[in-house]
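Notes follow the structure.
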Amino acid sequence: MFAVHLMAFYFTKLKEDQIKKVDRFLYHMRLSDETLLDIMARFQAEMQKGLGKDTNPTASVKMLPTFVRAIPDGSENGEFLSLDLGGSKFRVLKVQVSEEGKRNVQMESQFYPTPNEIIRGNGIELFEYVADCLADFMNTKGLKHKRLPLGLTFSFPCRQTKLEEGVLLSWTKKFKARGVQDTDVVSCLTRAMKRHKDINVDTLALVNDTVGTMMTCAYDDPYCEVGVIIGTGTNACYMEDMSNIDLVEGDEGRMCINTEWGAFGDDGALEDIRTEFDRELDLGSLNPGKQLFEKMISGLYLGELVRLILLKMAKAGLLFGGEKSSALHTKGKIETRHVAAMEKYKEGLANTREILTDLGLEPSEADCIAVQHVCTIVSFRSANLCAAALAAILTRLRENKKLVRLRTTVGMDGTLYKIHPQYPKRLHKVVRRLVPNCDVRFLLSESGSAKGAAMVTAVASRVQAQRKQIDKVLALFRLTQEQLVGVQDKMRAELEYGLKRDTHSLATVKMLPTYVCGMPDGTEKGKFLALDLGGTNFRVLLVKIRSGRRSVRMYNKIFAIPLEIMQGTGEELFDHIVQCIADFLDYMGLKGAQLPLGFTFSFPCRQASIDKGTLIGWTKGFKATDCEGEDVVDMLREAIKRRNEFDLDIVAVVNDTVGTMMTCGYEDPNCEIGLIAGTGSNLCYMEEMRNIELVEGDEGKMCINTEWGGFGDNGCIDDIRTQYDKEVDEGSLNPGKQRYEKMTSGMYLGEIVRQILIDLTKQGLLFRGQISERLRTRGIFETKFLSQIESDRLALLQVRRILQQLGLDSTCEDSIVVKEVCGAVSRRAAQLCGAGLAAIVEKRREDQGLERLRITVGVDGTLYKLHPHFSRILQETVKELAPRCDVTFMLSEDGSGKGAALITAVAKRLQQAWKN
Ligand code: BG6
Ligand code: BG6
Ligand code: GLC
Ligand code: GLC
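Sequence positions in the sequence shown follow UniProt numbering and run 1 to 916.
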């Protein structure tokens, strides 16, 4: 009995001594809670640094956006391939996610070896090997004929700008294949798979193993929002608020961030914690100076740390009687599985003794106790460090959610965590101590990262299918060169019909003579009134022209024309106009003045002289009764008479295109075309009199108001009109009319966009499938909003804000789609307009028998002026379709009113000359 006690006493004493010895020797590796809280605070700062746009480039913890935005919601389904590369084992899998709405996942998989010559050889060969394994798997599983989406779990740091792409920042752990760093690994894989002509896979998602783990666990526990790997390497990911992620546009919702915490300390932040063993281990690694935190924690390194410690202790005579074996001298001889086995306390010292003996050592009882304790200290430090970093993440989550207590789940995986007997318990305990205000559930991922990767792929494949639907709609607006040439040719034909007496009445492009026959010559002078009706604004102007100097002075006032007047009776409309003139005269102190007046009236009028214009039909937003078929000059005169306050000499009625051409022609005599891309769309140009069959005489030129907005009213461009164009037409004031205008001008582009958005919403592709009242409202997308949305300088958030101002509650994803829709519609408009203009300039060139034509186009209109891309695309199209014409575009700065006054001045001069 006494002997037993003595033995027990002896053993306890021996144990105590050994433990004390090791504790003393490894003093530096034992971290107090105070130190852990300090490390936790440092890691919090590192996360912040990695998330900031300006600080990210120099941050060692990269905080990589993963483009995984949501955890699984159970609606995922389909059949997927999955590759799992970068952990201790390489696997190829087939994952079948719930067919009938119940959460159910079936997996079949196959492991493949990863020999060192492959993972540390040539990058191309590495991916060819991966592709070969995949092909082999598909072959054995009879999947060759299927086109399956693939999710790639790739457990290395990758910079992603989208889910299906990732540039390898650096290899870590055991991998070091040449020529892969800084390239997109998905492309590498895709290229390698091309060699297998008989298989067809689409890599839709690139996922880090932490992300895969989080998703795997989240499929079973929706609280899971963190994924941690403690395996060959170590790392964590978590769901971060988008508003905190500077590197990705958008601010609503969350996105998973792959922290790459393994690199914590690479900038020296942990030097006070690192020991001589850590430094030695690092120097002998594949990536010296890198992944310093990982090297204190993960499975690839723990055994080696223990070996270095034992060697040093042996050298110091503290172990094995100072004896060292050659195995103890050999790098990699102690592995993590050995550490785990030695720490199986239940088995006493048996495992330790066996392992040490296998290393060619002859351990005493005391040695075994000491070595076991070395293992404990090393693995305990690992768990402590992980706990500190994880505690930092949990605190961040709690603060993001502004909660006093956080309830959350952490998905866990990795061989060290799984095979080490005490690791999980220790980790959990320390975490709970460091963050007492978090209720954490640790959930072991039973089925690896690939299952989660399949969930991500499932969502990606749904998004891809939706994308295809959106692209299908946008494709309707993409015109080929051939189609544009077709438009140009048809326009050209219509121009000729319009000019010829026999075909004129059938032509959709009316080619109206304007009786404007020449450009101002600079001798014009005097004071004129001008009206400018039919664009966005109604203006009354006073224009003073000074002779010889080619300069004018203008005073103008904008007046509103209420909708009920635009669409009321003709008498009301003209009375309102006269009322505005009276106000203006009053305002200018010109009451009772009798001035010559030029009337810019931006609608199609049949003219018999410069001061007569019969309205053929209203266009755009006007529909006043009793005007069509009437002379608008007469109507204005009568309204002036009705008012009986002043008299005005109405000398000219001018289309806005003509006014624009004149405004520009006053400065550039080469300006022989006027183009409007505004509320409406139209063009005028100087035509040879001999070509104008409707007007007597063959000498000289006359300006023709083409009224090209009516192009296509006979159905000749129906092949390129979409269902959306038809809907816009049907909802307009003039159904069936102005079809070309309805595809090219400001008043309608927004409406086309709205129709598309309604359709996409109906298809469930936008606005969560909800068509709001606002979206049903006609005219919400005015040209100025369209222009703002498409501005390149605008961040997505600003686009979203504009949409919100318009009453459309959109997500950032929605905003991207809306911007694309706007882009497609306005691009088509600019191209169509360019094709029309190309037809005109080519006609002018041919008519004059020129090899090359140099001509200036005076342009005006809100679409041309405000839209960020319209003018450029228009000009590019003209260049392409009319390569032998040098077309200069001159923006009209002063509006049509100035031109109208100049025309009035010329007409007045001619009138005078005729009288004399
Ligand atoms: C597995 C994942 O479950 O865990 C791997 O599927 C991952 O992709 C691994 O890398 C991490 O553990 P280890 O120990 O294999 O590196
Ligand atoms: C202006 C003219 O400058 O341009 C108007 O003075 C013309 O008469 C207008 O109608 C065209 O642009 P919008 O975009 O106002 O229709
Ligand atoms: C390494 C990799 C990281 C991975 C981790 C666990 O740290 O850089 O991407 O998640 O190992 O496998
Ligand atoms: C409409 C009118 C036309 C005008 C154009 C631009 O197309 O019919 O006369 O020039 O809009 O305002």
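Just so you know, even glycine gets a beta-carbon here, dropped at the ideal spot from N, CA and C.
The structure presented is a predicted model; accordingly, all values stated were derived computationally and were not measured.
Rank Gln567, Thr660 and Cys684 by C-alpha distance to the C-alpha of Cys627 and give the top, closest one.
-> Gln567
Test item: CB-CB of Thr706 and Val857 under 8 Å = no
Which ranges does the alpha helix (DSSP H) cover as unbroken runs of at least 4 residues, wholly within the stretch 699–769, from first to last along the chain?
-> 723–730, 741–744 and 746–762
Assuming Leu416 contacts Gly299 (C-beta within less than 8 Å), just tell me the rounded distance between them.
-> 4 Å
At 3 residues or longer, and completely inside the stretch 289–373: list those beta strand (DSSP E) runs for me, N to C.
-> none
What do you reckon, are the CB atoms on Lys557 and Val540 nearer than 8 Å?
-> yes
How about Val105 and Val97: are their beta carbons less than 8 Å apart?
-> yes
Just mark Gly764 as buried or exposed, buried being the case when its beta carbon has 16 or more other beta carbons within 10 Å.
-> exposed
Okay, do the stretch 144–156 and the stretch 204–216 touch, 3+ Cβ pairs below 8 Å being the bar?
-> yes
Beta carbon of Glu294: closer than 7 Å to some heavy atom of ligand 3?
-> yes
Beta carbon of residue 920, beta carbon of Leu302: below 8 Å?
-> Absent from the model: residue 920. The displayed extent of the chain is 1 to 916, so no value can be given.
Using a threshold of 7 Å, is the CB atom of Glu260 nearer than that to any non-hydrogen atom of ligand 3?
-> yes
Is there at least one non-hydrogen atom of ligand 2 closer than 7 Å to the beta-carbon of Asp626?
-> no
In this structure, does DSSP put Ile789 in helix, strand or coil?
-> helix
Can you have a look at Trp914 and say buried or exposed, based on whether 16 or more other CB atoms are within 10 angstroms of its CB?
-> exposed
Please classify Met40: is it buried, with 16 or more other beta-carbons within 10 angstroms of its beta-carbon, or exposed?
-> buried
For Ser732, is the beta carbon positioned less than 7 Å from some heavy atom of ligand 4?
-> no
For residue 926, collect the residues of the same chain with a Cβ closer than 6 Å to its Cβ; drop the 5 residues on either side in sequence, then sort them by chain order.
-> Outside the displayed span of the chain (1 to 916) sits residue 926, for which this structure offers no information.
Residues near Leu37 by beta carbon distance below 7 Å, same chain, minus five either side = Leu434
Nearest neighbour of Leu292, chosen from Gly284, Lys418, Val306 and Phe264 [CA to CA] = Phe264
Whose C-beta lies closer than 6 Å to the C-beta of Gln488 among residues of the same chain, with five residues either side of it excluded?
-> Ala835, Ala838, Ala839 and Leu881
Contact check, Thr259 vs Met47, beta carbons under 8 Å | yes
Do you know whose CA, among Val371, Gln831, Ala316 and Leu766, lies nearest Leu808's CA?
-> Leu766
Is the beta carbon of Thr503 within less than 7 Å of some heavy atom of ligand 4?
-> no
Touching by the beta-carbon criterion (3+ pairs, under 8 Å), the stretch 846–863 and the stretch 674–687 = yes
Per the contact definition of three or more C-beta pairs closer than 8 Å, is the stretch 58–68 in contact with the stretch 241–259?
-> yes
8 Å Cβ shell around Ala269 - same chain, five flanking residues per side excluded | Arg42, Glu46 and Ser60
Entirely within the stretch 607–670 and at least 3 residues each: give me those beta strand (DSSP E) ranges in chain order.
-> 612–615 and 649–654
Name, in chain order, the residues that DSSP records as bridge partners for Phe559.
-> Phe538
What does a CB cutoff of less than 7 Å around Leu598 pick up in its chain, not counting 5 residues either side in sequence?
-> A small fix is needed here, since residue 598 is Gly in this sequence, not Leu. Excluding sequence neighbours, Gly598 sits near Phe528, Ala530, Val651, Ala652, Val654, Ala900, Ala901, Ile903 and Thr904.
How close, in whole Å, do the beta carbons of Asp649 and Gln607 come, if the pair is a contact with beta carbons under 8 Å?
-> The Cβ separation is near 18 Å, so there is no contact.
Could you pull out every unbroken alpha helix (DSSP H) segment of at least 4 residues lying fully inside the stretch 169–217, listed in chain order?
-> 185–193
Check the C-beta distance from Ala454 over to Ser82 and give it rounded, since I have them as a contact under 8 Å.
-> 5 Å
Determine the contact status of Leu775 and Ile758, defining contact as a CB-CB distance below 8 Å.
-> yes
Do Val68 and Val211 have their C-beta atoms closer together than 8 Å?
-> yes
Does DSSP classify Ser505 as helix, strand or coil?
-> coil
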